[in-house]
């Protein structure tokens, strides 16, 4: 563990302990939103955290997800994976790995987590009355899509 990751990792642990994954349906959209809202929580607690640290990406990996965000979302939707619930599909999108299987070897592992974060971020901008606590209590990823 690198020193700069200690505090963010503790904050991730706090978020996951206080607001554990508890969706009734374990599918990709719910996993993406859980991972996205957890990182959103950390970003709110540590506003100066570098995105490379927040997502555990290198600078090149962060640039890749930023440049391919729309493509990743379109791919997930076109392949009808948004509501996929099989372990292998979920792992290939949000799991720790050298790359994200569906996005090619240039992509970082867990690339769909970034997409989940961006959707949560967009939701919060559109709904400024929603508190961080209210966000963290939400468990249905479909709610973020409206």
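Numbering (my numbering), first residue to last: 71 to 216. All C-beta atoms in this analysis are idealised placements derived from N, C-alpha and C, irrespective of residue type, glycine included.
By alpha-carbon distance to residue 134, the top candidate from 82, 215, 182 and 177 is 177. Rounded to whole angstroms, residue 195 and residue 120 show a C-alpha spacing of 20 Å. The three-state secondary structure of residue 79, taken from DSSP, is helix.
Annotation for residue 149: 172 place their beta carbon closer than 8 Å to its own, counting only its chain and skipping 5 residues before and after. CA-to-CA, the gap between residue 158 and residue 168 works out to about 15 Å.
The Cβ-Cβ distance between residue 125 and residue 184 falls below 7 Å. Here DSSP, grouped into helix, strand and coil, assigns residue 95 to coil.
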